[in-house]
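Participant: Questions regarding the structure given below will be posed in turn.
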Amino acid sequence: MAKTTLTTKTMPEADSVAPLMELYGLGFEGGFKINIRSALTQIVDIFRLRLQAGYYGTGDRLPPEREIAEEFGVGRPLIRKALAVLREEGYLIAKRGAFGGHYVTDLEVPTRKWLETVRADNGAHLLDVIDLRMAVETRAAELAAERRTAEEQAAIELAAAQLNHLLEVSLGQAHAQTNAHELHRADFRFHEMIAKSSHSASVVTAMAQIRGLTFLARPVAYKELKGTVEDHSIIFRAIRVQDPHTAASAMRRHLDHVKDSYLRLAGEGDGRGRVDGVEEPFS
């Protein structure tokens, strides 16, 4: 992670679609600038978004406090406070011993809170975010079809194959519980590679922020996963033959399916953490 610097320049609002990849430090070159008067809050926000976007997954260990402090250019006491907030919110757990450090939890608590927020307004805000995602990622697919390199095409197809492999492993399990976070990360990787292949910094940054805002960590119905794999296949094949129109149309159809899935979550469950047959980790 690139080293960051503190400044008194205020960050954009959370719902801005200004370039935010550097701001949130999601693995791209360059640092981000944070307001020294609210450094703790903003560092927490940055790590929260990384977790929500799938940058870190369940069981992953965060870098040592020293490295995080160097990244942000702040003292370790401030990083300890930020990590404590994330522990309180249910994102992290601290372990001692030879393999001690801060590890990502199963995210059940923050997922539950996220879902409660979504249902509070019947999914209105979520729908707005998904509409934005559709605009950004449809354009990303179109540009990727026009601009992708052979190496980028290979990376897109590899990401799709990894998700397909996870699905096959899941279907071979006796129970309907699979590693939702691994699936979430594999899906994120596919969309991230398409965004990178657009060769548009604004598309990349907007996509990363939107993925964080549509945070969802849950086991997914197998029929939905199968549909996702099929959608991805149509998308990457269109990008492979450099057909921008088909790539954009395929991405739009895929995100229509995603929207339907999210909106089911915004509806009323049956009281046991289930919505229309979609299983969530709250039963």
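End of the sequence shown sits at 279 in the numbering used here; the numbers just go up one at a time, nothing left out. Just so you know, even glycine gets a beta-carbon here, dropped at the ideal spot from N, CA and C. This structure is a prediction, so every number in the text was calculated from the model and none was measured.
1. So the alpha helix (DSSP H) His98 belongs to, where does it begin and stop?
2. Can you tell me the Cα-Cα spacing of Leu259 and Thr210, whole angstroms?
3. Three or more C-beta pairs under 8 Å: does that hold for the region 120 to 128 against the region 139 to 156?
4. In terms of DSSP beta bridges, what is Leu259 paired with?
5. Name, in chain order, the residues that DSSP records as bridge partners for Arg57.
6. Ordered along the chain, which non-local residues of its own chain (more than five positions away) have a Cβ less than 8 Å from that of Ala243?
7. Which residue or residues does DSSP assign as beta-bridge partners of Ile285?
8. Looking at C-alpha atoms only, which residue of Ala197, Thr134, Lys192 is the closest neighbour of Ala246?
9. Go to Asp117, then tell me how far its alpha helix (DSSP H) extends in each direction, as first and last residue.
10. Mapping the DSSP letters down to three states, classify Gly107 as helix, strand or coil.
11. What number of angstroms, rounded off, separates the C-alpha of Gly53 from the C-alpha of Asp239?
12. What is the DSSP secondary structure of Val225, reduced to helix, strand or coil?
13. In the DSSP assignment, find the alpha helix (DSSP H) that holds Gly69 and state where it starts and stops.
Facilitator: By the coordinates alone:
1. Here His98 belongs to no alpha helix (DSSP H); instead the beta strand (DSSP E) covers 97 to 100.
2. A direct Cα-Cα distance of roughly 12 Å separates Leu259 from Thr210.
3. No: fewer than three Cβ pairs fall under 8 Å.
4. The bridge partners DSSP lists for Leu259 come to none.
5. Residue pairing of Arg57 in beta bridges, as defined by DSSP: Tyr99.
6. Ala137, Glu138, Ala140, Ala141, Ile231, Ala234, Ile235.
7. The structure shown does not extend to residue 285, since the chain spans only -3 to 279, so no value can be given for it.
8. Measuring from the Cα of Ala246, the nearest candidate turns out to be Thr134.
9. For Asp117, there is no enclosing alpha helix (DSSP H), as DSSP marks it with neither H nor E.
10. Correcting the residue type first, residue 107 is Thr in the shown sequence and not Gly. Note: Thr107 maps to helix in three-state DSSP.
11. Going from the Cα of Gly53 to the Cα of Asp239 covers about 34 Å.
12. Per DSSP, reduced to three states, the secondary structure at Val225 is helical.
13. Here Gly69 belongs to no alpha helix (DSSP H), and DSSP marks it neither H nor E.
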